[in-house]
Amino acid sequence: MMYNPYAVGQHVYLRHPTPQDVEGSWHEWLSDEETTRWLGMRYWPNSVEQQREFYENSKKSKDQLVLSIVDKATDKHIGVVSLGGINWLHRYSDIAIVMGEKDFRSGPYMLEAMSLMLSTAFLRLNMRIVKSVYLATNEASQKIHDVFRFKQVGRIPQLYWDRGQYSDSVIAILNRDEWMARNGITPPKD
Amino acid sequence: MNNEKTFGIIARIMKVPADQINETSSPETVPQWDSLKHIQLILAIEEAFGLQFADQEIVGIKDVRSLLSLLRQKTGA
C-alpha cells in the first residue's frame with residue numbers, strides 16, 4: 007500500500023520524505039563512494055545528523071522539491087529525486103536523482119522516477135526549463151539525459167576532480183514545449 | 008521485418024550473437040543487458056527506426072516482447 011503518494015508510476019511512486027527515510031539508509035547512500043561518485047557532495051562523508059538537518063530545511067523550502075522514490079511492490083525507499091534552485095519568476099529548476107539502493111539501479115526504476123519528476127516539473131509546477139549538470143565522463147548520466155531529449159547547451163572544461171583527473175562538466179536543458187510535443191501534450195498558451 | 012532488424016540491434020548493443028536474441032529475451036535471460044545497455048538500446052532503436060518514444064513508452068520497454076509490441080504500434084509494421 008502506498009503512503010502519501012505525490013506522483014505515481016507503474017513501478018515506483020514519489021512522495022514527501024518521511025522521518026523514517028531519514029533514519030533509514032538515506033544518509034549512508036550519500037557516504038558511499040560508488041553512489042556519490044557523480045554527485046556534487048561526493049567529497050565529504052554524510053551522517054544521519056546532516057541528513058536530519060537537510061530534511062528539516064527541505065521541508066520548509068519552496069526553492070527545492072525533494073521527493074523520495076519508493077518501490078511500489080515493497081514500499082521500500084530506494085532513492086531520491088529533486089528539483090533544486092527553483093526559480094519561480096523565470097520558471098526553471100535543476101533536476102537531480104540518486105538511486106541509493108543498488109538492487110534497483112537496473113530495471114525501470116530510475117527511468118520512471120525521472121519521467122515522473124519531469125512531468126511534475128512541467129505540468130504541476132509550471133516549470134519552463136529543467137536544467138541538469140553532470141560530468142562528461144559519466145556515460146550513464148549522459149545516456150539518461152539523451153533518452154529524455156535533454157540538449158547539451160554548455161560545457162565547462164576540466165571543472166571537476168574525479169579519481170585522479172579533471173573532468174568536463176556538461177550543462178543540459180529540457181524545454182517544456184519540446185517535452186510536451188514529444189509526449190503528445192498540447193502546450194499552453196502563455 | 009521489424010523483428011529481425013530489432014534482434015540485430017539488440018545483439019550489437021549487448022555484444023552477443025544475433026541468434027541468441029529472440030522474442031523471449033530480456034534482462035533476465037541476457038546477462039549483458041544492464042541499465043546502461045538498456046538505455047543505449049532505446050537510443051539505438053530510435054535512431055534505426057527514425058522515431059522518438061514518449062516518456063511513458065520508454066518506461067514501458069522492459070524486454071524484447073514489449074519493445075516489439077511498441078515498435079508495431081509506432082511503425083504499423
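Taken in sequence, the protein lines are chains P and C.
FYI, the numbering for the first sequence is 7 to 196, going by our numbering.
FYI, the numbering for the second sequence is 8 to 84, going by our numbering.
For each residue, glycine too, the CB sits at the ideal point set by N, CA and C.
Inter-residue Cα distance where the pair is residue i and residue j
i, j, result
"P:VAL184", "P:ARG134", "First, the amino acid is wrong: residue 184 of chain P is Glu here, not Val. Between P:GLU184 and P:ARG134, the C-alpha separation is close to 10 angstroms."
"C:LEU78", "C:LEU48", "13 angstroms"
"C:TRP40", "P:ASP174", "28 angstroms"
"C:ARG19", "C:ALA25", "8 angstroms"
"P:HIS33", "P:HIS17", "24 angstroms"
"P:ARG155", "P:LEU180", "7 angstroms"
"C:VAL37", "C:GLU11", "17 angstroms"
"P:VAL149", "P:GLY170", "Checking the sequence, you will find Lys at residue 149 of chain P rather than Val. Computed Cα separation, rounded: 24 angstroms."
"P:SER74", "P:VAL136", "19 angstroms"
"P:ILE162", "C:ILE52", "31 angstroms"
"P:ILE177", "P:MET7", "38 angstroms"
"P:SER31", "P:ILE84", "9 angstroms"
"C:ALA61", "C:ALA55", "16 angstroms"
"C:GLU64", "P:LYS108", "24 angstroms"
"P:ASP69", "P:ALA102", "14 angstroms"
"C:LEU74", "C:PRO34", "12 angstroms"
Enclosing beta strand (DSSP E) for residue i [first to last residue]
i, result
"P:HIS17", "It is not in any beta strand (DSSP E) - P:HIS17 carries neither H nor E in the DSSP assignment."
"C:ASP70", "Run containing C:ASP70: none; DSSP gives neither H nor E here."
"P:LEU89", "82-93"
"P:TRP167", "157-168"
"P:SER31", "Premise fails: P:SER31 is in no beta strand (DSSP E) and is neither H nor E."
"P:ASN181", "171-181"
"P:MET133", "Run containing P:MET133: none; DSSP gives neither H nor E here."
"P:SER99", "98-105"
Residue-level contact to chain P via CB, residue i, 7 angstroms cutoff
i, result
"C:GLN39", "no"
"C:VAL66", "yes"
"C:ALA61", "yes"
"C:SER42", "yes"
"C:LEU74", "no"
"C:LEU50", "yes"
"C:ILE17", "no"
"C:ILE20", "no"
"C:ILE28", "no"
Minimum Cβ-Cβ distance from residue i to chain C less than 7 angstroms
i, result
"P:SER121", "yes"
"P:GLU118", "yes"
"P:ASN189", "yes"
"P:VAL153", "yes"
"P:SER53", "no"
"P:ARG111", "yes"
"P:LYS108", "no"
"P:ILE114", "In the sequence under discussion, the amino acid at residue 114 of chain P is Pro, which differs from the Ile named in the question. Output row for P:PRO114: interface = yes."
Element boundaries [alpha helix (DSSP H), containing residue i]
i, result
"C:ASP41", "Taken as a continuous stretch (DSSP letters only), C:ASP41 belongs to no alpha helix (DSSP H), as it is neither H nor E."
"C:ILE16", "9-21"
"P:ILE150", "145-153"
Beta-carbon gap between residue i and residue j smaller than 7 angstroms
i, j, result
"P:TYR19", "P:LYS78", "yes"
"P:SER138", "C:SER42", "no"
"C:LEU58", "C:LYS81", "yes"
"P:VAL87", "P:ALA127", "no"
"P:SER37", "P:PRO25", "no"
"P:LEU141", "P:TRP44", "yes"
"P:VAL28", "P:TYR61", "yes"
"P:VAL153", "C:LEU50", "yes"
"P:LEU71", "P:LEU89", "yes"
Checklist entry - Do the stretch 85-99 of chain P and the stretch 49-56 of chain P touch if we need at least three Cβ pairs shorter than 8 angstroms? => result no
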